[in-house]
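> The structure that follows is given in the form of structure tokens.
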Amino acid sequence: MASLVSETVPKFTAETLRAAAKQSQGCLVVPVRLRRAIKQYIREQEQPYMKRKVLCLSESFNNIKDMNLQLTTSTSKELVEDPLKSMERSKRWKVKSAYGDTGLKYRDDQTVAYVASRMPAVFSACHRVLSEVRRRLPGFSPAKVLDFGSGTGSAMWALREVWPRSLARVNLVEPSQSMQRAGQSLIKDLKNLPLIQSYNSLQALTQNIKKSDREHDLSYVLGEIPSLKDRTTIVRQLWDLTRDVLVLVEPGTPHGSSIISQMRSHILWMEKRKCRKSKGAFAEASKELVALKSKIGAFIVAPCPHDGACPLDNTGKYCHFVQRLERTASQRVYKRSKGEPLRGFEDEKFCYVVFRRGQRPRQVC
48 MASLVSETVP
58 KFTAETLRAA
68 AKQSQGCLVV
78 PVRLRRAIKQ
88 YIREQEQPYM
98 KRKVLCLSES
108 FNNIKDMNLQ
118 LTTSTSKELV
128 EDPLKSMERS
138 KRWKVKSAYG
148 DTGLKYRDDQ
158 TVAYVASRMP
168 AVFSACHRVL
178 SEVRRRLPGF
188 SPAKVLDFGS
198 GTGSAMWALR
208 EVWPRSLARV
218 NLVEPSQSMQ
228 RAGQSLIKDL
238 KNLPLIQSYN
248 SLQALTQNIK
258 KSDREHDLSY
268 VLGEIPSLKD
278 RTTIVRQLWD
288 LTRDVLVLVE
298 PGTPHGSSII
308 SQMRSHILWM
318 EKRKCRKSKG
328 AFAEASKELV
338 ALKSKIGAFI
348 VAPCPHDGAC
358 PLDNTGKYCH
368 FVQRLERTAS
378 QRVYKRSKGE
388 PLRGFEDEKF
398 CYVVFRRGQR
408 PRQVC
């Protein structure tokens, strides 16, 4: 494939990367079907004082960001400097995650506020990331998808826009029952849906599906988990459940960028370690084992298609992207502006990384 890039790290300067990261791919317009579904859902809920509840939800998100900034950095340093020690402490990734106990618990009124104010913006970030995956991997069409932290289903709506014909099954993991109900209500009038199953946790998913169904073509993760140890455990579990492509997305903040960087380093280290161990085994292996070699290892698909150190490390800058979207009617009604007229658009900032299993294809000259 002529479009593939080499394994060498591009010689970009930090300033060039920072400027590129801030570019938005036009102003995204939320699909009519999603706008109508949101409008109908809000009308059915008939929640009073919606503007006040949207403001309270925004303050809750800000509190989580402040808490994340106060977390100690010892775990993240340990993860990069001594991954083996971190692996032992996670008890080989079987630790029950605290996700759902430490994250934001959504009540019914908070869920309605989320759908009205945040879902269009989250959809825009999901759509941007998945569109980039499609552009980088033109032959990739996922049939079975795992969406962890699915919320009200923003990623599933984006998946249907990006790959409308290939989806056969979507497994959603979301601990909030209120969010699950909202997601089901939003899609009730859609036709030609894939098989959709919702679970409260990864443990529930693995216990209720066959072992042969646990491998997903694509796993999509939108993080709201304050604990770094929980993140590491969950990302390991999700990588084990992923057959091809894993997408991690975080808010476009310095903290979110740091998490993406840590998870990127950790998975690449883990797969390189497996490759080193397998070299001797494959030297005298059967043809069946040799065929498995193509699935050992991992490489980065996006945003930077190389597996080296990030050029922005230790520069005081962080990697993030911006997607501008046209505000929906619900956002214009319920969102408040700080003493100024509310703009007709907003900018959603996010950080992300896309992994793919196997060895990076060589560039065709």
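Per our numbering, residue 48 is the first one in the sequence shown, and the count goes up by one each step. Backbone N, C-alpha and C fix where the C-beta goes; we use that ideal spot for every residue, glycine too.
To the nearest angstrom, how far is the alpha carbon of R182 from that of P241?
Stepping through the sequence shown from its first residue, residue 182 is reached at position 135. Stepping through the sequence shown from its first residue, residue 241 is reached at position 194. Near 23 Å, if we compare the C-alpha coordinates of P241 and R182.
> When DSSP labels each residue in this structure, what does Q244 get in the three-state scheme?
Counting from 1 along the sequence shown, the entry for residue 244 is found at position 197. It is a strand residue.
> Can you tell me whether DSSP reads L389 as helix, strand or coil?
As a first step, residue 389 must be located in the sequence shown, where it is residue number 342. Of the three classes helix, strand and coil, the one that applies to L389 here is coil, per DSSP.
> Taking the alpha-carbon positions, what's the A163 to I89 distance?
Against the sequence shown, residue 163 aligns to sequence position 116. Against the sequence shown, residue 89 aligns to sequence position 42. Going by the C-alpha atoms only, they are around 7 Å apart.
> Would you kindly check if the distance between the Cβ of V292 and the Cβ of H313 is under 9 Å?
In the sequence shown, residue 313 corresponds to position 266, counting from 1. In the sequence shown, residue 292 corresponds to position 245, counting from 1. No; because the gap between Cβ atoms is not below 9 Å, this pair is not in contact.
> Counting only beta-carbon atoms, is M226 nearer than 9 Å to chain D?
The structure shown contains no chain D, having only a single protein chain.
> Using DSSP bridges, identify the partner residues of K191.
Reading the sequence shown from its first residue, position 144 is the one you call residue 191. R216, per the DSSP bridge assignment.
> Looking only at its chain, what residues have a beta carbon closer than 8 Å to the beta carbon of A215, apart from the 5 residues adjacent to it on each side?
Your numbering for residue 215 matches position 168 in the sequence shown. Cβ within range, chain order: A190, K191, P241 and L242.
> V400 and M317: beta carbons closer than 9 Å?
Counting from one through the sequence shown, the residue named residue 400 turns up at place 353. Counting from one through the sequence shown, the residue named residue 317 turns up at place 270. No. Outside cutoff.
> For a test of the three-state rule: what should DSSP assign to Q370, helix, strand or coil?
Residue numbering aside, residue 370 sits at position 323 when the sequence shown is read from its first letter. Three-state DSSP puts Q370 in a strand.
> Spatial neighbours of D260 within its chain, please: CB distance less than 7 Å, with the 5 preceding and 5 following residues excluded, ordered by chain position.
Translated into positions along the sequence shown, residue 260 becomes position 213. None.
> By DSSP, does Y267 sit in helix, in strand, or in coil?
Here residue 267 refers to the residue found at position 220 of the sequence shown. Y267: strand per DSSP, three-state reduction.
> For a test of the three-state rule: what should DSSP assign to C103, helix, strand or coil?
For the purposes of this step, residue 103 is identified with residue 56 of the sequence shown, where counting begins at 1. In this structure, C103 counts as helix in the three-state DSSP scheme.
> What's the gap between the Cα of C103 and the Cα of F402?
Here residue 103 corresponds to residue number 56 of the sequence shown, with the count starting at 1. Here residue 402 corresponds to residue number 355 of the sequence shown, with the count starting at 1. Using only the alpha carbons, I get a separation of about 36 Å.
> Under a three-way DSSP split, which group does I306 fall into?
Along the sequence shown, read from residue 1 onward, the residue named residue 306 stands at position 259. Here I306 sits in helix by DSSP.
> Check this for me: beta carbons of S304 and Y365, under 9 Å apart or not?
Reading the sequence shown from its first residue, position 257 is the one you call residue 304. Reading the sequence shown from its first residue, position 318 is the one you call residue 365. Yes.
> Can you tell me the Cα-Cα spacing of V142 and Q227, whole angstroms?
Residue mapping note: residue 142 aligns to position 95 of the sequence shown, counting from 1. Residue mapping note: residue 227 aligns to position 180 of the sequence shown, counting from 1. In this predicted model, V142 has a pLDDT of only 32, less than 50, meaning its place in the structure is not dependable enough to derive any value.
> Sort H263, P408, C74 and S223 by Cα distance to Q157 and report the nearest one.
Taking the sequence shown and counting its residues from 1, one reaches residue 157 at position 110. If we check each option's Cα against that of Q157, S223 comes out closest.
> Can you tell me whether G198 is buried or exposed, with buried defined as 16 or more other CB within 10 angstroms of its CB?
The count along the sequence shown starts at 1 and reaches residue 198 at position 151. That one is buried.
> From the DSSP output, in three-state form, read off V400 for me.
The residue you call residue 400 lines up with position 353 of the sequence shown. V400: strand per DSSP, three-state reduction.
> Are the beta-carbon atoms belonging to L389 and R371 less than 9 Å from one another?
Along the sequence shown, one-based indexing puts residue 389 at 342. Along the sequence shown, one-based indexing puts residue 371 at 324. For L389 and R371, no; Cβs fall outside 9 Å.
> Specify the secondary structure class of K229 as computed by DSSP and reduced to three states.
Position 182 of the sequence shown, counted from the start, is the residue given in the question as residue 229. According to the sequence provided, residue 229 is Ala. The question's Lys does not apply to it. Helix, per DSSP.
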